[in-house]
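Shown next, in structure tokens, is the structure this report addresses.
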Amino acid sequence: MDTEQHHSAAPCAGLRIGDTPPDFEARSTIGPVKLSAYRGRWLVLFSHPADFTPVCTTEFVELAKEAKAFEKRKCQLMALSVDSLFSHFAWLRMIKERFDIEVRFPIVEDPTLVIGRAFGMVAPSDNDSATVRTTFFIDPEGIIRAMTCYPANVGRSIPEMLRTLDALQAIDAQDGLAPANWQAGDALLQSPTQDLDEVYSATEETTWFLREMPKGKSK
Ligand code: BEZ
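Number 12 in our numbering belongs to position 29 of the sequence shown; there are no gaps in the numbering.
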């Protein structure tokens, strides 16, 4: 990171769902980026351990192939690793040559790990550790709505990233709950009643707490 770059992330590892993450500004492959400038859109901010590594390369190829699917969901992608901007450029160039695909979403450089530490992507005491595969799903208000953490040797599922986004967007739109294995277009569940009369009058034993939302209902 050159000295002209300003990182304003506060040291606050241990982010949780519902938190507003610390803002930062940094260099990236598409120019300077500022986290708070992404308000108003969904953002998937994710770290990868290192450029020029096998699993990371497969993730970037697959994410680049699905760029339109994220766009369709009004969601931006932003990657981050400890590698320098010029390492990111060289890696993207190699990906284009080898896989015939251009990665156009920003990859942030974080050589001092200041962002990685602030987001809990690396242990606070690590000086040279690569970030793990942490993914933050950040909503248009800038709030963390979901997060995942995978080890360096297991690649993420891009369909699952899209499914998570679909689920978050659907529960917001319909004020419902997404059950196990939910897929876009499936019914959501309703929140359980908090009214004892409804519990006693429910037609079946489970319908007061486990019931689908009526089709087409939105809040
Ligand atoms: C990989 O992306 O393949 C990788 C990165 C860091 C450690 C191990 C594997």
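The beta-carbon is built from N, C-alpha and C at its ideal position, and this holds for glycine as well.
Cβ atoms of Glu195 and Ala156: under 8 Å apart, would you say? no
Can you determine whether any heavy atom of the ligand BEZ sits closer than 7 Å to the C-beta of Ser33, and answer yes or no? Checking the sequence shown, residue 33 turns out to be Ala, not Ser. It does: the Cβ of Ala33 is within 7 Å (strictly closer) of some heavy atom of the ligand BEZ.
Got a sec, what are the start and stop residues for the beta strand (DSSP E) Gln59 sits in? Cys58 to Ser64
Could you name the residues that DSSP lists as bridge partners for Thr12? The partner list for Thr12 (beta bridge, DSSP) reads Gly14.
Identify, in the order they occur along the chain, each residue of the same chain with its Cβ nearer than 8 Å to the Cβ of Phe173, setting aside the five sequence neighbours on each side. Phe is not the amino acid found at residue 173; the sequence shown has Gln there. Excluding residues within five positions, the ones whose Cβ falls inside 8 Å are Gly159, Leu160, Arg194, Glu195 and Met196.
Per DSSP, what kind of secondary structure is Met144 in: helix, strand or coil? Helix, per DSSP.
For Leu148, which option in Ile13, Phe43, Ala167 and Arg76 has the closest C-alpha, if you only look at C-alpha atoms? Ala167
Distance, Cα to Cα, Asn136 vs Arg56? Spanning the two alpha carbons is a distance of roughly 28 Å.
Among Arg(-1), Phe88, Tyr21 and Phe43, which residue has its Cα nearest to the Cα of His31? Phe43
Alpha carbon to alpha carbon, how far is Cys132 from Ala153? Going from the Cα of Cys132 to the Cα of Ala153 covers about 23 Å.
Is Ser30 helix, strand or coil by DSSP? strand
Our contact map puts Thr95 next to Phe29 with C-beta atoms below 8 Å; I'd like the distance itself, whole angstroms only. With a Cβ gap of about 19 Å, Thr95 and Phe29 do not count as contacting.
Taking a contact to mean a Cβ-Cβ separation below 8 Å, would you say Gly103 touches Arg22 in this structure? no
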